[in-house]
Each structure stands twice: as C-alpha cells, then as structure tokens.
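*Asks:* Below is the structure I would like to discuss, written out as structure tokens.
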Ligand code: CAA
C-alpha cells in the first residue's frame, strides 16, 4: 500500500534584533575566547531587545509562511516553547491579530523543554495522516537565558522556526518510524518563579548522550534505517560542539570509529546558524535543519537523521527524505539576512537587558522602542501584553 508522504512543506526562521559576540563575554569573564569559539563551538548569541519576546519572534517566523501559502485548511497551530509568556493562554493566540491566523483552527501551546517542537511535528504528522487535506502550522520559539557569570551563560540564544506541515511536502518527507526515550532526570529545569534556567551542566551533557543513544536503539527496534544510510545528522544544539559529542558517542556505542572528518561530514553543515544564534531550545534542531538545507550540496533523495532532546528528559530519533526540487522552496537569503542584520551589543547594554524585569503592577508601561523586526511588544497594560506590527 502506498501512502501519501507527510512532512515539512515550508520552513522559515526569525531571530532577535540584538546579538552579543562571545569575544565580549570572554573578555568580561576573563576566559580565553577560544573556550567559546572552539571549546563549545559558539561565536555569537542572539539577545532579545526590551520589546521582543517569543510571540514577536514566532510571528516574524510564521508570517512569511502565511504570505506564501495562505491560511486555507490550516486547522491546527501548535506552538512549542519553554519561554511561555502566560501560564494559561497559548502564545500562538496572539498571532491571530498579528499575522491573521484562521479562526477555524485549534491553537495549543506545547512544553517539554527543547523537545516540544518535535512533539508538535509528530502530532501534526498524525493529524495529516488522518486527513491529508489539512495543514498544520508548527512553531518552535524560545529565548534561552541563564544566570550571569555561570557556565550556561555562553550557551544563551534565541530564535523561532515556523514549519508548514502538509501531505506531499516540498522539502522533507518524514518517515513514519520514530525512536523514543523518556526518563525522569533533573539535568535542566526552570521553576515557575524563575526567569533563568537551572542546569547541572555535566549531568545534562551525559543525559543528552544517553538519551540520544537509547532513542536510536528504539528507532532500530521499530524497523528504522541503518546508520550508514544517512547523508547527515541534525542534532538538537544547545551549543554546536554538543552535536559532535553526541554523534561521536552514538557512533562509538555502535562499534564505529569516529574520525574528525567523518563527524564534520555528518554534522558540519547543520551548525552554521546555531553557531551564531546560540541555543534556541525548541527551535534549535530545526535551525540545524535549515542550516543543512541552506549549506549542503544537493540533498535530493537523501535520508536525514533528526535527533531531538529535551532535558528532564525526552529524546526522539526520527528521519526523513529530502524531496526533489526542495531548493526552490528554501529561504536561504532571508535566513542569512535575519542573522546578518542583528545589531551587536556592548557588554553593559547586554547586561542591562539581561537584568531587566517586566513590570508586574498592572499599570500602563510603554516598552522602549528598540527592535526593528516586524513585530514588537509595545506595552504592558492591565496585566496584558500589547503587541504591535511595525
Ligand atoms: N580553547 C579551546 N577549547 C577550550 C579552551 C580553549 N582555550 N578552554 C576550554 N576549552 C574546551 C574544554 O576542553 C571543553 O571541551 P570538551 O567538552 O571537549 O572537553 C569545552 O571547551 C568546554 O569547557 P568546560 O567543560 O570547562 O566548560 P564549562 O564547564 O564552563 O561549561 C557546560 C560547559 C557545562 C556544558 C556549560 O556550557 C553549560 O552549563 N551549558 C548549559 C547546559 C547545556 O547546554 N547542556 C547541554 C545538554 S542539555 C540540552 O541539550 C538541553 C538544553 O538545550 C539546555
């Protein structure tokens, strides 16, 4: 029986107005900049302006998709984040007025650390398998924030990726097989009363590697492809070096050697955007996919491995095949412009943004006008966020 392929039909990403170079942070922290540039594989991090949050970057990522494809038959919108702006209302509901989502749709927010976007993709694929005429908008948006002067600080970042998931997709057809692994572990978490994550760094690195390997084992048990079939491996990238570490671990666990050149061939092209954007939690894996598609030689018909990890923890190993003609549907120029147009911060400005807290008194507070991106948080008033399109 042949079934209609389901997968990613369009993919668009947005990031914040500001960025900080890791050389600035290294100087401030008194460490060699190569610890960041080479040791963790990060050169810059996106930093949210005072008038940006996950809603503004999610809207900026999703708008080009609606402009290209319209909203017909988008009956589900799934927004994954671990930087939610409300404990009750789904962040994507703000997108109705900002970018014109259809009213005849279910709109839900998903949370499981950096894994939430992958849950969204899996749920979307299931809905479309049930009714191939429907389309699902999946958005992953996060702003990663750790305490100042901690080992996590250089792994901050921010981005949103929006994906239109459809039958007969133009970019990537998803295989119906997934490998899954979940376990209760305290490697990274953020209690409701904190704006910064708490992390046990070394535990988290080991937990990620174990979970990726276990998800791979489950993928194989479910009848998935062999390691040698994949043209590239897209990993969740809390810092780009993590993808190399995890792939080395996976290869060695399967009795393969992991030569530097092999690792580079498998991972290298997936890291270009993450290296300069930083950790974007739920969006990170899909930013890796965008980077691969934008930078690798022709991938038509090639199988890609996708490895998702969310602390706490859930991992999923899944795969897909790149569709013929995919290059005509990429947004390479816009993706590169989103990164190159960021305004570089000095340390004091970065620190002031990091330490700023939103007013909680319910009075009217206009936000400083900083971002030049398409959407901004204009004010807080009556405990509501008031957004503006520029
Ligand atoms: N030149 C080149 N390399 C250098 C160097 C220099 N001058 N100085 C140090 N290095 C290398 C080190 O040798 C080390 O390399 P290896 O990992 O290959 O050994 C690397 O730079 C990092 O150095 P440290 O291990 O000393 O770094 P650290 O302890 O200060 O911080 C970290 C590392 C604990 C992972 C920290 O970045 C962190 O806490 N990050 C947040 C948590 C995180 O990202 N975890 C990842 C898994 S969890 C996950 O994926 C979910 C998520 O998104 C959070």
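Residue numbers (this note's numbering): 218 to 607. Glycine included, C-beta positions come from ideal geometry on N, C-alpha and C.
1) Hey, is residue 371 close to the ligand CAA, as in C-beta under 8 Å from one of its heavy atoms?
2) With a threshold of 8 Å, establish whether the CB of residue 335 neighbours any heavy atom of the ligand CAA.
3) On a CA-only basis, which of 223, 522, 354 is nearest residue 385? Give me that one, please.
4) Buried or exposed for residue 362, please, with buried defined as at least 16 other CB atoms from any protein chain shown within 10 angstroms of its CB.
5) Between the segment 373 to 389 and the segment 224 to 234, do at least 3 Cβ pairs fall closer than 8 Å?
6) Output the boundary residues of the beta strand (DSSP E) element that contains residue 393.
7) Please identify the residue among 324, 304, 291 whose C-alpha is closest to the C-alpha of residue 353.
8) Quick one: give me the first and last residue of the beta strand (DSSP E) that residue 296 is part of.
9) Can you tell me which of the three DSSP states residue 459 falls into?
10) Could you compute how far the alpha carbon of residue 609 sits from the alpha carbon of residue 398?
11) Mind checking residue 269: buried by the 16 CB within 10 Å criterion, or exposed?
12) I need the DSSP call for residue 493, collapsed to helix, strand or coil.
13) DSSP three-state call for residue 402: helix, strand or coil?
14) Excluding five sequence neighbours on each side, which residues of the same chain lie with their C-beta closer than 6 Å to the C-beta of residue 282?
15) Report the rounded CA-to-CA distance for residue 513 versus residue 486, giving the unit in angstroms.
16) Tell me whether residue 244 sits in a helix, a strand or coil according to DSSP, three-state version.
17) Which residue's Cα is closest to the Cα of residue 297: 328, 322, 314?
18) Which residue marks the beginning of the alpha helix (DSSP H) containing residue 274, and which one marks its end?
19) Is any non-hydrogen atom of the ligand CAA found closer than 8 Å to the C-beta of residue 528, if you look at the structure I gave you?
20) Counting C-beta neighbours from all protein chains within 10 Å, is the total for residue 284 16 or more, i.e. buried, or is it exposed?
21) Which of helix, strand or coil does DSSP assign to residue 422?
22) Can the beta-carbon of residue 497 be found closer than 9 Å to that of residue 358?
23) For residue 475, which residues in the same chain have their Cβ closer than 8 Å to its Cβ, ignoring the five residues on either side in sequence?
24) Is residue 524 close to the ligand CAA? I mean its beta-carbon at under 8 Å from any heavy atom of the ligand.
25) Over what stretch of residues does the alpha helix (DSSP H) that includes residue 335 continue unbroken?
26) Straight-line CA distance for residue 508 to residue 493?
27) Looking only at its chain, what residues have a beta carbon closer than 8 Å to the beta carbon of residue 388, apart from the 5 residues adjacent to it on each side?
28) For the ligand CAA, is there a heavy atom less than 8 Å away from the beta-carbon of residue 255?
*Replies:* Let me lay it out:
1) yes
2) no
3) 223
4) buried
5) yes
6) 389 to 399
7) Comparing Cα-Cα distances from residue 353 to each of 324, 304, 291, the minimum goes to 291.
8) 291 to 297
9) helix
10) The requested residue 609 is not part of the displayed model; the chain covers only 218 to 607.
11) Taking a 10 Å sphere around the C-beta of residue 269, we find 16 or more other C-beta atoms and assign the residue as buried.
12) helix
13) coil
14) 227, 229, 379, 381
15) 6 Å
16) helix
17) 328
18) Note, residue 274: alpha helix (DSSP H), 271 to 286.
19) yes
20) exposed
21) Helix at residue 422.
22) yes
23) Excluding residues within five positions, the ones whose Cβ falls inside 8 Å are 464, 465, 468, 469.
24) no
25) 333 to 347
26) 11 Å
27) Within the same chain, residue 388 has close Cβ partners 224, 225, 226, 227, 228, 510, 539, 540, 543, 546, 547.
28) Residue 255: yes, Cβ under 8 Å from the ligand CAA.
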